[in-house]
Structure formats: C-alpha cells, structure tokens
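Read in order, the letters of the sequence shown are residues 1 to 300 in the working numbering. Here a beta-carbon is modelled for each residue, glycine too, at the ideal position from N, C-alpha and C.
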Amino acid sequence: MSIEAKNVTKFYGEQAALGGVSFSVKRGEIVGFLGPNGAGKSTMMKIITCYLPPSKGDVKVAGHDIIDDSLNVRKKVGYLPETNPLYPEMYIREYLNFVAGLYGVKNKKKRVEEIIKMVGLTPESHKKINALSKGYRQRVGLAQALIHDPEVLILDEPTSGLDPNQLDDVRKLIREIGKEKTVLLSTHIMQEVEAICSRVIIIKKGKIVADSPVSSIKEDSNTEILILHLNKSINIEKINAIDGVEKTQTIEKGKYRITAEKGKAVLSKLNALATLENADVEELRKEERSLEDVFKTLTR
Ligand code: ADP
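This is the structure in structure tokens:
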C-alpha cells in the first residue's frame, strides 16, 4: 500500500477536525479526496505529509510510519499545499535547486532540468517566480513536489484559481504524472474527479461518508431518477400515486423528473399510466446521476 490511514483523529484544541478516518490507497491509484469546506481534507493531507501529527491513529506511507519513520516518509511523499507557498523573489531554477538540495537529490542540476521539462516549464524557465501566471506557478509547485521522485503525491486543490485553459493543462499533467505515481488530490470540481480519478473518497465533518470507484459511486443509491416526456400534461398526483415513486418535478409541459425507488419497476408502471391517460410517450429513460448529485446528497 502507498498510503494506509487507520482511525486517524485530530483535535485542534477542543475542536475535532478528524474523527477516526481510515482508508488505504494502492500504488498507482489516483484518488479524489472530496468534501465541503472544513471537512478535514487539508488536515488529513498535512498528517500524511508529516506537517502535523495526528492526535490518535496510525498512518503509513510506502510502509513507513509517519511518526516513527518520518524521515523516510518525507522521502517518499511529494506535497503541493493549497497555498502553494513559493519564494517569489527566486528564479525558477534557483528555487528548484534549493528544494533539490533540501531533499539531498543527487545530480541536482540534471534533475532540475528534467523536472522543468516534465512539468512544461521550459518556455518560462528563465523567469523569477513572481513573474509567472497562476498556471505556471502551479507547475512550479508540482515541480517542487516531484523533484525527489516520490512514490506518493499529495495535491491540495491543485487547480483552484486556474482559468479553463490552465485547468486543462494542469489536469493533463496530473493524469500523466499519475501513470507513474500514487496521487491523492483534493478538489471542489466534480468534473475534475471524473476526468482524473479512478476512485473517490468523500469526507464530511471529519468522517468518511463514501469510498468507491468513480464509476460505481453514482449507482450506490436506493433511488434512481427517471425522465418522462409525454405529448400532453397529466395530473402530477397520478405519477406520485405509483408505488415506488418518491417525488415528481415538472420540468416543462408534459415533461417530468421522477425520483423512484430501485427495483419497483416504476418505468413500466409509467408506461402503463401514459396509456391509461391516452398520452403518447415521447421519451422515457433513466437519467444518469451526476457525481455532483451524489456529493450533495452525501454531504448536505
Ligand atoms: P478542509 O481542508 O476540508 O476545508 P480543514 O482540514 O482545513 O478542512 O479543516 C477542518 C476543520 O479544522 C475545520 O473546522 C477548520 O476550521 C479546523 N482547523 C483547520 N486548521 C486549524 C487550525 N490550525 N487551528 C484550529 N482549527 C483548525
């Protein structure tokens, strides 16, 4: 396992930020870490990267304990904090050389050039950090996280504040990096999770409320959404009276969005109702739930 967290609890004074969080991430996985603001994502990330000790619980990174063997954990993990703290007065090469020195990287000069190329900094590489756009600063942040070739990469909101083009570029880069590394990344953007991650962990008030592959999390529910479009309006109460229908929302004249219990054959009952009402069915289908819907349901 690249990351193994067991029963991690964290208090800031009296306030509990994490209440017994357990999960593990296999080598090579890209996992999205989601949750509303204040859920505990950054706290968990700081614990994994040895920036904060947990109040209770155990974490191992690449087999090394974060308390007993933190030196080895630091060698195995790269971290891009939410604030991406950089030294604005330094030149890119100067800064990356400095970070490489902190990690005791061999062949520093060669490695710095390699990493500049890898994160796509080449066209800007002669500049000072304060002269860079936000997108390029994020690349410098990624470069410092990767300079010592860690097995695990922890990225705290790596794309926040980027414009759509920068966003695409940085996502592409993370996907590329993820082919070689284990990645845990936090984000508020659901499309990002769908575009980059194979698995998602959702945390709410310091506790995990979901941990599934992205492809199956949308199915993990007892209800489904059905779309019914008829050539005329019918009384909405007749739809609500069907066994298995929880609620109905009118989208437009004759078009309804129906929340139904799974396994109650509501689809065929709707067909039968349309016949009874002398209405033509123009459309009747199951709507795919979005990750956003799932997130809202789980974290509200
Ligand atoms: P997230 O990253 O999901 O937004 P955080 O891990 O930053 O959540 O915060 C979790 C909880 O811990 C929040 O209630 C936050 O206010 C609190 N918290 C975070 N850092 C500190 C701190 N240094 N001192 C006191 N409380 C903190």
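Does DSSP put residue i in a helix, in a strand, or in coil?
i	result
A210	strand
E4	strand
T159	coil
S186	strand
L303	There is simply no residue 303 to check, as the chain begins at 1 and stops at 300 in what is shown.
G141	helix
K46	helix
R111	helix
R27	coil
A62	coil
R289	coil
R93	helix
I258	strand
V119	coil
S125	coil
A100	helix
E252	strand
V170	helix
R175	helix
T299	helix
V21	strand
I203	strand
G35	coil
L270	helix
Quick check: what's the CA-CA separation for residue i versus residue j?
i	j	result
V170	A210	26 Å
E176	K109	23 Å
R300	I208	14 Å
E261	T223	4 Å
R93	I115	10 Å
I147	E287	44 Å
Y87	D58	33 Å
K218	E151	30 Å
S290	E113	41 Å
P123	L18	42 Å
I225	I203	24 Å
H64	E157	25 Å
N278	K264	23 Å
V8	T250	45 Å
Y95	R139	13 Å
L80	S233	54 Å
G28	K76	14 Å
M190	E292	6 Å
Y103	F33	27 Å
R74	L155	15 Å
E252	E283	13 Å
G254	K205	41 Å
G101	Q144	11 Å
L153	K117	18 Å
E192	D149	24 Å
P54	A5	11 Å
S212	Q166	28 Å
G120	E82	21 Å
K26	R199	11 Å
A131	G178	28 Å
P85	I129	11 Å
D280	V266	17 Å
H126	V105	22 Å
L142	K56	30 Å
T248	S221	18 Å
Would you grab the beta carbon distance between residue i and residue j for me? Rounded to a whole angstrom, and I think it's under 8 Å.
i	j	result
V31	C197	6 Å
L230	A274	6 Å
F23	I258	In fact, because the Cβ distance is near 35 Å, the residues do not count as touching under 8 Å.
S2	V99	Their Cβ separation, rounded to whole angstroms, is 22 Å, which puts S2 and V99 out of contact at 8 Å.
L228	Y256	5 Å
I67	I48	Not quite, the Cβ-Cβ distance comes to about 12 Å (not below 8 Å), so this is no contact.
Would you please verify whether the beta carbon of residue i is less than 7 Å from any beta carbon of chain D?
i	result
N72	No chain D is part of this structure, which consists of one protein chain only.
Checklist entry - Is it true that the region 29-38 meets the region 4-15, where meeting means three or more beta-carbon pairs spaced less than 8 Å apart? => result Contact fails: fewer than three Cβ-Cβ distances are below 8 Å.
Next on the checklist: Assess contact between the region 132-141 and the region 156-166, defined as three or more Cβ pairs (one per stretch) separated by less than 8 Å. Is contact present?
Outcome noted: Here the region 132-141 makes contact with the region 156-166; the two share three or more CB pairs at distances below 8 Å.
Checklist entry - Contact between the region 265-274 and the region 183-194: three or more CB pairs below 8 Å? => result Segments in contact, no.
Checklist entry - With contact counted as at least three CB pairs below 8 Å, one residue from each stretch, are the region 233-245 and the region 41-52 in contact? => result The answer is no - the region 41-52 does not touch the region 233-245, with fewer than three Cβ pairs under 8 Å.
Item to check | Contact shell at 6 Å, judged by CB to any heavy atom of the ligand ADP, ordered along the chain | outcome: Checking every Cβ against the heavy atoms of the ligand ADP under 6 Å gives Y12, Q15, A17, G35, N37, G38, A39, G40, K41, S42 and T43.
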